[in-house]
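Residue numbers (the UniProt record's numbering): 1 to 281.
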């Protein structure tokens, strides 16, 4: 089914198939942000601009503000070059010879909306982008942030299958925000440093399908049943918590950008040959 959930923890290593470029001699990578001028895209691009692993950062969006966003980013004294690509006609240039594509494009949630309510608009946007990636850079690693992630990933997979370039090791739904939230919430309850906590989360990124495996947390933690139920519910509904707190002015843009940058960095580290890079997706 097109709407199957992608609920696997993927190990990002040994992913370069025969015919793909060899990365061992590369000093840096090209990363493309599709939707780079949006609420998530701008802070995500800001974080990626600071990465020493990235030498070329391509910002794609349909918004006319995109050249201004890129001009702003380009003034930062970090090593990467930033390029602007506006409109679908320029998407091919944005993804040409890219190593990683991260996609936060689409409309955000508003109060009272679920992630699934974004389906009609956002799936169309994602599929347009995926089609061009499949035609121009089929060997790129692709991370989809756009909601609903649980539907966007299988829809993207079907597009790539039609182009005969589908590789499940190269297509990811970015659910890192659920892990980041789980780590933070558990750290608060147990008075731990959040950077020392790691909780695997499975089930995709759609309300009740978000399943934090608290029993597998590092370090081991124990909670009473009632606390465990409340904690799990808070993790599942954390996105709604932010949407309501922003009172119609947006969704979880900053924490999502942080999580997206974290996942993108892991993909870059894996491409550059670092062993045992593991992320849930």
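We put the beta carbon where it would ideally sit given N, CA and C, even for glycine.
DSSP places residue 80 in the coil class of the three-state scheme, outside both helix and strand.
With a cutoff of 8 angstroms on beta-carbon distance, residue 170 and residue 141 are scored as near each other. Taking 8 angstroms as the cut-off, the Cβ atoms of residue 85 and residue 63 do not count as close. Spanning the alpha carbons of residue 98 and residue 270 requires a straight line of approximately 15 angstroms.
Annotation: the continuous alpha helix (DSSP H) that includes residue 127 extends over 119–136. Pairing residue 265 with residue 224, the inter-Cα distance amounts to about 36 angstroms. Three or more beta-carbon pairs separated by less than 8 angstroms link the stretch 253–260 to the stretch 174–184, which places the two stretches in contact. Per DSSP, residue 265 is one residue of the alpha helix (DSSP H) stretching across 253–271. Counting C-beta pairs closer than 8 angstroms gives three or more between the stretch 124–142 and the stretch 89–104, which meets the contact rule. Assigned with DSSP and collapsed to three states, residue 225 falls in helix.
Residue 153 counts as buried, since no fewer than 16 other beta carbons sit within 10 angstroms of its beta carbon. For residue 91, the uninterrupted alpha helix (DSSP H) run begins and ends at 91–95, by DSSP. In this structure residue 95 does not touch residue 49 by the C-beta definition: roughly 18 angstroms separates them, more than the 8 angstroms allowed.
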